[in-house]
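S.K.: Questions regarding the structure given below will be posed in turn.
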Amino acid sequence: MRKIIAIIFCLILGVAFSVQASGASKEDLLLKKGEDFKLLLDEVDLFVEFDSETNLVTIDETSAKNNGVSSEAIELAKRFFDGQNFLISTAIGREFTESEQDFVDSYMEEFTPLFEYIANGFETEEINDEEMNQYNMTASVDNELLAYSEDYIQDQIDLVFDYVSFDEEGIASIDIAKARKNNVPEEAIEISNKAFDYQNKVLMELKEPNYSPYWDIPGGCGGNVTKPHRCPPRLQMFFRIAYHEAVSHLKSAGYHGTSWPYGGALPWNPNRDFTKVVNAYNCNNGPFRTQAILSDKGRNDGYYTVYTQSPEPNPEVTKYIGPKGSYMWLSYVYWWHMNYC
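Under mature numbering (1 follows the signal peptide of the UniProt record, and there is no 0), read the sequence shown as residues -21 to -1, 1 to 320, first letter to last.
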């Protein structure tokens, strides 16, 4: 079934990629149009009303007009919230009819400039640092490892990997005695041991409250630090939505609250970061996710903006087995989040 998340990702991202491929000048025009849309919608902001039970949006047109809001802004807002209301009330739990699909296609096409503008400017949005500064740590790469190329380290780990085991927390250990008994080269054992000591340190430090960035470690499933998996745009799913409704929609679409300390809230606080495992780059069963983030931008009015990003490496590294052949996936994931995207 076409869940709301899948609809929005497929349609918005599909249009976004086609626009990006056409050249910078067209992109600039698109962003300018998106900025114009945002300014018009901001005019109507004070006159938007929410139904607390259904979370559907209406606009107090009379008050808006009496307060000097332009007809252009009101009409644009009506079209935008008509689309959002449709997605909330209709798109969950069943397939679209042909006419409904046409409506969604038209809606997404019209507001692609707005989504592009929001995605392009996401990093400058005033979102609480605690919400977004999710992936920091203090480990530093062993200086001796930096003397070797990434490929060489991976080759040495390949020689040892039959003798590597992982506990329930993902901590790696090498049966050195057995490796030596089976004539694994000493250099391979030494390099692999340093590499896994480093990775284990990272994993343990994720439990600590204070961190700082580092990294230069390879990834997997087609990505590494010199050719990372692309940084997908952050897109706005809803302008405003009540917390309980946002959470309900996300959970019905297969999301779960992101685990702490991988971006999620402490157990006693409401979660504003959500994860849905997706298949990407020929990887499945965990390594990639769609992320959804709720932010009220300091309004404290009970309504949230929901941003999404997909696909991206999944930081819940203790919840799944990393990609086959990539023994330092954990390090790559956190490099990606801290240093790349």
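Here a beta-carbon is modelled for each residue, glycine too, at the ideal position from N, C-alpha and C.
1) From Thr237 to Ser50, what does the alpha carbon distance come to, in whole angstroms?
2) Establish whether the CB of Asp134 and some CB of chain B are separated by less than 9 Å.
3) Could you check which residue in Asn64, Pro211, Asn279, His208 has the C-alpha nearest to that of His228?
4) On a Cα-Cα basis, can you pick out the residue from Glu28, Val48, Leu20 that is closest to Arg58?
5) Of the choices Asp134, Gly62, Leu25, whose alpha-carbon is the least far from that of Glu166?
6) If we ignore side chains and look at the alpha-carbon of each, how far apart do residue 321 and Pro294 end up?
7) Compute the beta-carbon to beta-carbon distance between Ala259 and Pro290, rounded to the nearest angstrom, for a pair I have assumed lies under 8 Å.
8) With DSSP as the reference, label Asp108 as helix, strand or coil.
9) What's the C-alpha gap between Val143 and Lys230?
10) Locate the alpha helix (DSSP H) running through Lys255, then write down its first and last residues.
11) Tell me the rounded alpha-carbon separation between Asn250 and Thr269.
12) May I ask you to list the residues that DSSP assigns as paired with Leu273?
13) Mind checking Pro266: buried by the 16 CB within 10 Å criterion, or exposed?
14) Rounded to whole angstroms, what is the Cα-Cα separation between Lys173 and Val36?
15) So, at 6 Å on beta carbons, what are the nonlocal neighbours of Asp176 in its own chain, with the 5 sequence-adjacent residues on each side left out?
16) Report all residues from its chain with a CB closer than 6 Å to the CB of Tyr131; omit the five preceding and five following residues, and keep chain order.
17) Roughly how many angstroms lie between the CA atoms of Ala225 and Thr254, to the nearest whole one?
18) Can you tell me whether Ile153 is helix, strand or coil according to DSSP?
19) Should Ile300 be labelled buried (16 or more other beta-carbon atoms within 10 Å of its own) or exposed?
20) For Asp84 and Asp61, I'd like the C-alpha separation in whole angstroms.
21) For residue 337, which residues does DSSP report across the bridge?
22) For Pro292, count neighbouring Cβ atoms within 10 angstroms of its own Cβ and tell me buried if that reaches 16, exposed if not.
23) Beta-carbon separation of Ile168 and Arg159 under 9 Å?
24) DSSP on Val27, reduced to helix/strand/coil?
25) From the DSSP output, in three-state form, read off Val139 for me.
26) Round the Cβ separation of Ile153 and Asn179 to the nearest angstrom and send it over; I've been treating them as touching at under 8 Å.
27) What separation, rounded to the nearest whole angstrom, lies between the Cα atoms of Asn261 and Glu147?
M.R.: Once the coordinates are examined:
1) Taking the sequence shown and counting its residues from 1, one reaches residue 237 at position 258. Taking the sequence shown and counting its residues from 1, one reaches residue 50 at position 71. For Thr237 and Ser50, the distance between alpha carbons rounds to 42 Å.
2) Protein chains in the displayed structure number just one, and chain B is not present.
3) On the sequence shown, residue 228 is found 249 positions in, with the first residue counted as 1. Among Asn64, Pro211, Asn279, His208, the Cα nearest to that of His228 is on Asn64.
4) By one-based count along the sequence shown, residue 58 stands at place 79. The shortest C-alpha separation from Arg58 is found at Leu20.
5) By 1-based counting over the sequence shown, the position of residue 166 is 187. The shortest C-alpha separation from Glu166 is found at Asp134.
6) In the structure as shown, the chain starts at -21 and stops at 320, and residue 321 therefore has no counterpart that could be examined.
7) The residue you call residue 259 lines up with position 280 of the sequence shown. The residue you call residue 290 lines up with position 311 of the sequence shown. Confirmed, about 4 Å.
8) Looking up residue 108 in the sequence shown gives position 129. Note that Asp108 scores 38 on pLDDT, short of 50, meaning its location in the model is unreliable and no value can be drawn from it.
9) The sequence position of residue 143 within the sequence shown is 164, counting from 1. The sequence position of residue 230 within the sequence shown is 251, counting from 1. Cα to Cα, Val143 sits roughly 36 Å from Lys230.
10) What you label residue 255 is simply residue 276 of the sequence shown in a count that begins at 1. Taken as a continuous stretch (DSSP letters only), Lys255 belongs to no alpha helix (DSSP H), being part of the beta strand (DSSP E) at 252 to 259.
11) The residue labelled residue 250 in the question sits at position 271 within the sequence shown. The residue labelled residue 269 in the question sits at position 290 within the sequence shown. Those two C-alpha atoms are separated by around 16 Å.
12) Working through the sequence shown from its first residue, we reach residue 273 at position 294. DSSP, once it has assigned bridges, lists Val285 as partnering Leu273.
13) For the purposes of this step, residue 266 is identified with residue 287 of the sequence shown, where counting begins at 1. By the 10 Å Cβ count, Pro266 comes out buried.
14) As a position in the sequence shown, residue 173 is number 194, starting the count at 1. As a position in the sequence shown, residue 36 is number 57, starting the count at 1. Their Cα atoms are separated by approximately 56 Å.
15) Indexing the sequence shown from 1 puts residue 176 at position 197. The answer is none, since no qualifying residue turns up.
16) Residue mapping note: residue 131 aligns to position 152 of the sequence shown, counting from 1. Hits under 6 Å: none found.
17) Within the sequence shown, numbered from 1, the residue matching residue 225 stands at position 246. Within the sequence shown, numbered from 1, the residue matching residue 254 stands at position 275. Each residue's Cα considered, the two are about 13 Å apart.
18) Here residue 153 refers to the residue found at position 174 of the sequence shown. Looking at Ile153 - three-state DSSP - the assignment turns out to be strand.
19) Position 321 of the sequence shown, counted from the start, is the residue given in the question as residue 300. Exposed.
20) Within the sequence shown, numbered from 1, the residue matching residue 84 stands at position 105. Within the sequence shown, numbered from 1, the residue matching residue 61 stands at position 82. If you take the alpha carbons of Asp84 and Asp61, they lie about 13 Å apart.
21) As shown, the chain starts at -21 and ends at 320. That puts residue 337 outside it, with no answer to give.
22) In the sequence shown, residue 292 corresponds to position 313, counting from 1. Buried, because 16 or more other Cβ atoms sit within 10 Å of the Cβ of Pro292.
23) One-based indexing of the sequence shown puts residue 168 at position 189. One-based indexing of the sequence shown puts residue 159 at position 180. Cβ distance < 9 Å, so Ile168 and Arg159 count as in contact.
24) Your numbering for residue 27 matches position 48 in the sequence shown. DSSP places Val27 in strand when its eight states are reduced to three.
25) For the purposes of this step, residue 139 is taken as residue 160 along the sequence shown, with counting starting at 1. DSSP places Val139 in helix when its eight states are reduced to three.
26) One-based indexing of the sequence shown puts residue 153 at position 174. One-based indexing of the sequence shown puts residue 179 at position 200. About 11 Å; that fails the 8 Å criterion.
27) By one-based count along the sequence shown, residue 261 stands at place 282. By one-based count along the sequence shown, residue 147 stands at place 168. Rounded to the nearest angstrom, the two C-alpha atoms are 25 Å apart.
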